[in-house]
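Using the numbering used here, the first residue of the sequence shown is number 179, and each one after it goes up by one.
Positions of the beta carbon are idealized from the N, C-alpha and C atoms, including for glycine.
Step one of this worksheet: look at the structure below.
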Amino acid sequence: MTRPVVATFLLAFATACAPATKYVVPSAEIAPAFRENANWKPAAPRDANPRGEWWTIFGDPALDALEARVDISNQTLKAVDAQFAQARAFVRGAQANLRPQVSAVPSLASIRQSGNRAFSSFHDPYGDYVLPADVSYEADVWGRLHGIVETTRTSAQATAADLETARLSLHAELALDYFTLRGLDREQDILNSAVRAYEQALELTDNRFRGGLSSQADVAQAETQLETTRAIAVDVSVGRAALEHAIAVLVGQPASTFAIPPSPLTAAPPDVPVGVPSDLLERRSDIAGAERRVAAATAQVGVTASAFYPIVTLSGALGFESSSFGNWLAGASNFWAAAPVALINVFDAGRRRAANDQAQAVFDQASASYRASLLTAFREVEDQLSALRVLDEEAKIQDRAVAASERSLTLATNRYRGGVTSYLEVITAQSFALANERTAVSILIRRMNATVLLLKGLGGDWKASAMPQVAGSR
C-alpha cells in the first residue's frame, strides 16, 4: 500500500496550493454626513441609545408588551427562522464533502451457477460471505469543495441577515400600527367631546327657538352638525378595528380574541441619535445580507473556475470474503484495493466557460444590489429626518391654529348667545375648531410614525458583528 498512501498525502498537501478567489467588499460612495442631520448629533454619552429593543425608547409599557410577543408568536418570523435553519443544514452538508465517505454493504449469499454457463468449470453450490468497507475521498486540489462550503456559509449568513431584516420590519410594522391606533383613540376622544358640545349647542338653539330668539333653520343647522360629527366618530372605529386586527396577526393571536383598551396618544416623539451614514454599514441587516451575497457570489466564481481542472478522487476497499462462515474473518480472507482516479473533462462544448460567465454575472448583479441597498438606506434615513424636521415645524404652527380656532369658537358662541350673529357663524367656527384639532392629531401620528421609520432606517440597534458565524470557512 506504499504508493497509494504516498499519493494520498501528496494530493492532500496539494490542496493547500489550490487557487482561491480573493473576496473584496465592493466599493461604494458614502456621504460624510446626512444633509438633514444639521439639528441632530450623536449622543454623548451614548447610554441613551436604544439597545436591542429599540422600541423602548418610546417609554410605552403597552407597546413593549406587544413587541415582546412578536419574537415568540409571529408566524412570518418563524418561517424566516426555518429558512435560516435550512441554510445552516446546507453548510453542514457541504462540509461533509470535505471528509472521506465510508460505506459498507455486507452480504451473505449461497450461489449455484449454471453448469451450461460459458466458461463455467463447476456446477456445485457454494457460499460467498463478504464484509467490505468502501472508502471514497475527493482531494480538493483546486479548492472546489472549499469554495462550495464558502458559498453555502456566506449564503447562510445572508439568510441570517434576512431574518434580522424581517424581525426589524415586523417590529416596526407593529409600532406603526400601534401609534396609528393610539392616534385614532385620541381622535375618537376629540370627536366624542365635540358630540357632547354639539348636543349642548343644539339644546341651546332649540331653547332659543322655543323662546322666539332663533329660527328653525338654526335648529336644523345645529342638528346637522351634531349628526355629521356622530357619523365621523363612528367611522373612526372602523379604522381602529382594522388596526387592532392587524396587530393581532403580528403577535400571533386570532383577531376575534384580541383587544387593546383605548388609550389616547399624547406623548411627543423622542429624540433619536442618528450618527453618520457609515454607521448604516454596521447597523442595517439588509446591507449586511447584500454584502454576504456578494461574498457568496465571489466564492461561486471560484467554484466554477475550479471546474477547468481535474477532479481527483481517492477510493479504496477493504474487508473479508470467504466461501464459508467458519473462516470468514481469517487472515487469508482479507482483501484490499486502492485506486486514485482523476476525472478530466476533455471537451464540453463550452459548458464550463458558460457556467463561469454566469457566476461572474451573478457576482456583478450582487455587487450592484449591494450598492443599491446602500443608496436606499441613505435615502430612507434622509426621508425621515426631513419628515421629522418639517413635521416638527408644522406641529408648532398647527398648535397655534388650534388655539386660534378655539378662541374663534368661544367668540362666535358668545356673539350668538347675545343675539349679535346667526348660528351659521357658530357652525363655521365649530367646523374649523374640530378640523384643526383632528389635523393636529394627524400630524402627531405622522411624527410618531416617522420616528419609527427613522429607527428602522437606522437598523434598530442590530450590529453586523452580531451576525451568526456559521462554521465552514477555509
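Contacting residues, own chain, Cβ-Cβ under 6 Å from residue i (five flanking each side not counted)
i, result
"Thr343", "Ser463, Asp464"
"Phe268", "Thr330"
"Ala272", "Ile326, Val327, Thr330"
Neighbour-count burial assignment, residue i, 16 or more Cβ in a 10 Å radius
i, result
"Gln431", "exposed"
"Glu316", "buried"
"Gly435", "It is Thr, not Gly, that sits at residue 435 in the sequence shown. Looking at its Cβ environment, which holds fewer than 16 other Cβ atoms inside 10 Å, Thr435 is exposed."
"Lys634", "buried"
"Pro447", "buried"
"Ile425", "buried"
"Ile623", "buried"
"Ile621", "buried"
"Asp542", "exposed"
"Asp318", "buried"
"Glu245", "buried"
"Phe191", "Residue placement at Phe191 is poorly supported in this model, since its pLDDT is 48, which falls under 50; the coordinates are not used for a value here."
"Ser643", "exposed"
Backbone CA spacing between residue i and residue j [nearest angstrom]
i, j, result
"Arg529", "Pro488", "15 Å"
"Glu615", "Tyr201", "57 Å"
"Glu603", "Ala400", "11 Å"
"Ala282", "Leu492", "17 Å"
"Gln291", "Gly305", "11 Å"
"Asp396", "Thr588", "18 Å"
"Gly509", "Phe525", "46 Å"
"Arg295", "Ala520", "36 Å"
"Arg567", "Asp561", "10 Å"
"Ala419", "Leu362", "10 Å"
"Ala433", "Glu328", "44 Å"
"Ile605", "Glu365", "20 Å"
"Gln264", "Asn512", "43 Å"
"Gly597", "Phe610", "21 Å"
"Ala628", "Tyr601", "40 Å"
"Leu459", "Ala311", "51 Å"
"Glu377", "Thr402", "11 Å"
"Arg557", "His349", "21 Å"
"Arg266", "Ala565", "41 Å"
"Asp238", "Pro439", "14 Å"
"Pro303", "His324", "50 Å"
"Met179", "Pro278", "With a pLDDT of 46 at Met179, under the threshold of 50, the modelled position of that residue is not reliable, and the figure given next carries that caveat. Their Cα atoms are separated by approximately 18 Å."
"Ser501", "Val490", "35 Å"
"Gly389", "Thr383", "10 Å"
Any non-hydrogen atom of the ligand GTP within 8 Å of residue i CB
i, result
"Leu612", "The ligand GTP is absent from the structure shown, which contains no ligands of any kind."
Own chain residues within Cβ distance below 8 Å of residue i, not counting five before or after
i, result
"Ser251", "Val429, Gly430, Gln431"
"Val373", "Leu404, Thr407, Arg408, Ala411"
"Ser285", "Asp306, Tyr307, Val308"
"Asp225", "Its pLDDT being 38, under 50, Asp225 is placed unreliably in this model, and the value from its coordinates should be taken loosely. Excluding residues within five positions, none has a Cβ falling inside 8 Å."
"Gln573", "First, the residue type needs correcting, since residue 573 is Ala and not Gln in the sequence shown. Ala618, Ile621, Leu622, Arg625."
"Ser441", "Ala240, Arg360, Asp363"
"Ala544", "Ala468, Arg471, Val472, Ala474, Ala475"
Beta-carbon separation (whole angstroms), residue i vs residue j, contact threshold 8 Å
i, j, result
"Ala537", "Val479", "5 Å"
"Gly494", "Val203", "About 43 Å; that fails the 8 Å criterion."
"Leu421", "Asp367", "Contact doesn't hold; Cβ gap of about 16 Å is too wide."
"Ala211", "Val454", "6 Å"
"Ala485", "Ala533", "7 Å"
"Arg461", "Gly637", "3 Å"
Residues near residue i by beta carbon distance below 7 Å, same chain, minus five either side
i, result
"Asp577", "Ala618"
"Leu380", "Ala400, Glu401, Leu404"
"Gln261", "Thr337"
"Phe498", "Leu309, Trp506, Leu507, Ser511, Asn512"
Test: residue i CB closer than 9 Å to a CB of chain C
i, result
"Phe525", "Absent here is chain C; the protein component of the structure consists of one chain."
- Taking only runs of the beta strand (DSSP E) that begin and end inside the segment 264-350, which ones reach a length of at least 3 residues, in chain order? With a minimum length of 3 residues, the continuous beta strand (DSSP E) runs that stay inside the segment 264-350 are 279-281, 285-289, 304-317.
- Message: Could you tell me which whole beta strand (DSSP E) segments of length 3 or greater appear in the segment 387-475?
- Response: Whole beta strand (DSSP E) segments, 3+ residues: zero.
- Tell me the start and end of each unbroken alpha helix (DSSP H) in the segment 463-535 that is at least 4 residues and wholly inside, in chain order. With a minimum length of 4 residues, the continuous alpha helix (DSSP H) runs that stay inside the segment 463-535 are 463-484.
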